[in-house]
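Following: one structure in structure tokens, then a few remarks.
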Amino acid sequence: MKKSRITLVVLIIFLITGIGYMNGYRFNALSAAKANSFVPKDSILIDEVDYSWGRFYIFDSPEKPVTAITLQSYRFLWSSRMSVYHYHRDDRIITIGGGTLNNPKEKATVISIIVDDPDVSYLEVGPESNRVKRGVNLGKPMTFAWDVAVQLNFLYPKAFNKNGELLYEYRYPKTNYIRQEDLRWYSVKESSLS
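Residues are numbered in my numbering as their position in the sequence shown, beginning at 1, plus a constant of 9.
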């Protein structure tokens, strides 16, 4: 009788663990992010931002760059139900990841940028009350994070040369018709239509 109770308890533990695993729960945040169905299996981790309630993981893959947001659940389990993808571009500056979370107890904004233009010396990013200025490392991700929820285009990211002249802006085109994939870095030298 005692042996059958132990067997039943072990079976219930395995059943609960299996159901949790199939629902995306993991014992660490990175495993939960990789289990997110929108993160391609061949993704490479580019950067991460840690908050007390969870983490943002920025991945790149041949398919698309993806940011997965993981939240801590039940003290020791993690789950990732949110993700944001960005479009691949051949631009000199690209947004490789980022996203905004605006839950009652969890608020965050993250953006990760890679600069490949040697004329760009530094970036300025952030809401007007909390702008961050950071020097560029060519070809390396630069990740900016805030504890408030702000849409990425309202961070007004800008790229400057060493003389402080504006070279690029992250925005939608200046047209009446916009699409999500049009949110990108535009050279200030381009025509006024873009």
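Note that CB positions come from ideal geometry on N, CA and C, so glycine has one too.
Here Gly-107 is buried. Its C-beta has 16 or more other C-beta atoms within 10 Å. In terms of Cα proximity to Gly-148, the closest of Ser-121, Asn-172, Phe-163 is Ser-121.
In the three-state DSSP reduction, Gly-135 falls in the coil class, being neither helix nor strand.
Less than 8 Å divides the Cβ of Ala-41 from the Cβ of Thr-79. Rounded to whole angstroms, the gap between the alpha carbons of Ile-105 and Phe-68 is 8 Å. DSSP, read as helix, strand or coil, puts Gln-189 in helix. Contact between Val-75 and Thr-109 is ruled out by a C-beta separation of about 15 Å, above the 8 Å threshold. When only Cα atoms are considered, Ala-168 and Ser-130 end up about 8 Å apart.
Of all C-beta pairs linking the segment 134–141 to the segment 91–102, fewer than three are shorter than 8 Å, placing the two stretches out of contact.
DSSP places Leu-17 in the uninterrupted alpha helix (DSSP H) bounded by 11–31. Per DSSP, Ser-40 lies in no beta strand (DSSP E); the unbroken alpha helix (DSSP H) holding it starts and ends at 38–44. A check of alpha carbon separations from Ile-123 across Ile-102, Leu-164, Asp-56, Asn-111 identifies Ile-102 as the nearest. Its chain contains Tyr-179, Arg-180, Tyr-181, Leu-192 as the residues whose beta carbon lies nearer than 8 Å to that of Asn-162, once the 5 sequence neighbours on both sides are disregarded; these appear in chain order.
Taken in chain order, the whole beta strand (DSSP E) runs of length 3 or more contained in the segment 103–151 are 116–124, 131–134, 141–144.
For the 8 Å CB-CB criterion, Pro-150 and Asp-56 form a contact. When C-alpha distances from Ser-61 are compared across Lys-114, Gln-189, Thr-152, Tyr-186, the shortest belongs to Lys-114.
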